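Sequential numbering from 685 applies to the sequence shown in our numbering. Glycine included, each C-beta is placed from N, C-alpha and C at the ideal position. No experiment lies behind these values; they were computed from the predicted model shown. All remarks here apply to the structure that follows.
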Amino acid sequence: MIFLSKAKPITFYYLISGLSFNAFVYFVMHYDSIILGNIEYWWFWAFYSIGQVISDLVMAIVLFNRNELQAMAKK
Numbered sequence: 685m686i687f688l689s690k691a692k693p694i695t696f697y698y699l700i701s702g703l704s705f706n707a708f709v710y711f712v713m714h715y716d717s718i719i720l721g722n723i724e725y726w727w728f729w730a731f732y733s734i735g736q737v738i739s740d741l742v743m744a745i746v747l748f749n750r751n752e753l754q755a756m757a758k759k
C-alpha cells in the first residue's frame, strides 16, 4: 500500500503507456495471424512494426535522459 501512495516519476508513466501499447498491438497481431490465420498483408502489420520500434525507442530515451539528469545533478 505504501507504493500506491508515493508520487511516481514521469518515466513510470512513459513505461506503463509504452508497455501497454506494445502489449495491445502484440495481442492484436497474435489474434490476426494465429487465431484467424491471416497471412495476407494489411496496414496493421506496418503499424505494428513501426509502432513497436518507436515505442521502445521512446521508453529507452526517457530512461536514459532521466538517469543522465540525475547523474548530472549529483556532480
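query: Rounded to whole angstroms, what is the Cα-Cα separation between glycine 735 and tyrosine 725?; result: 16 Å
query: Are three or more beta carbon pairs between the stretch 709 to 729 and the stretch 689 to 699 nearer than 8 Å?; result: no
query: For alanine 707, report the span of its alpha helix (DSSP H) as first-last.; result: 694 to 714
query: Could one say the Cβ of alanine 744 lies closer than 9 Å to chain C's Cβ atoms, at least one of them?; result: Here there is only one protein chain, and chain C is not present.
query: Among residues of its own chain, excluding the 5 on either side of aspartate 740, which ones have a beta-carbon nearer than 8 Å to its beta-carbon?; result: Gly702, Asn706
query: Is the Cβ-Cβ distance between tyrosine 732 and valine 709 less than 9 Å?; result: yes
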